Amino acid sequence: QQVAIPTWTFVAGYLLVWATAGLVVYVLVQLGSALATSLDPPRRSEWAPLALGATLGVAGLYQFTTFKHICLSHCRSPLAFVAQHWRDGRVGALKMGLRHGLYCFGCC
Numbered sequence: 076q077q078v079a080i081p082t083w084t085f086v087a088g089y090l091l092v093w094a095t096a097g098l099v100v101y102v103l104v105q106l107g108s109a110l111a112t113s114l115d116p117p118r119r120s121e122w123a124p125l126a127l128g129a130t131l132g133v134a135g136l137y138q139f140t141t142f143k144h145i146c147l148s149h150c151r152s153p154l155a156f157v158a159q160h161w162r163d164g165r166v167g168a169l170k171m172g173l174r175h176g177l178y179c180f181g182c183c
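Heads up: the sequence shown begins at 76 in the working numbering, then just goes up one per residue.
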């Protein structure tokens, strides 16, 4: 039973990264929605395609960044990640989970 604790701690760190990312995206969507609602309908119709285009453009350009490729190199081989970043104990497992979660988030 004690052997499983570091595994669950790793998973908790990994999920914490994704939960935090989800919360940030949720807040940004709510702010964008509030901003869009504050505009009168004709202005909203003008800005919606621009906001969508800018979002897609930034997401598309991110695919070609060095940071994205660094994250991909760590995320493509989980076994190599574990071998390279191994840390003992619960705190080590948490740090590994956080780091792996950040690399995987960076792949998106």
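From the three backbone atoms N, C-alpha and C, an ideal C-beta is built for every residue, glycine too. Treat the numbers as computed from the prediction; the structure is a model and nothing was measured.
- Per DSSP, reduced to three states, the secondary structure at tryptophan 122 is helical.
- In summary, histidine 144 is exposed, with fewer than 16 beta-carbon neighbours lying within 10 Å of its beta-carbon over all protein chains present.
- The beta carbon of cysteine 179 is closer than 7 Å to those of Cys150 in its chain, skipping five residues each way along the sequence.
- Residue burial is scored here from C-beta neighbours: leucine 169 has at least 16 other C-beta atoms within 10 angstroms and is therefore classed as buried.
- Put simply, the backbone Cα of cysteine 183 is about 26 Å away from that of alanine 109.
- Counting along the chain, arginine 151 sits inside no alpha helix (DSSP H), nor does DSSP assign it H or E at all.
- In the structure shown, tryptophan 83 adopts helical secondary structure according to DSSP, grouped into three states.
- By the Cβ-count criterion, proline 81 is buried, with 16 or more other Cβ atoms from all chains shown falling within 10 Å of its own Cβ.
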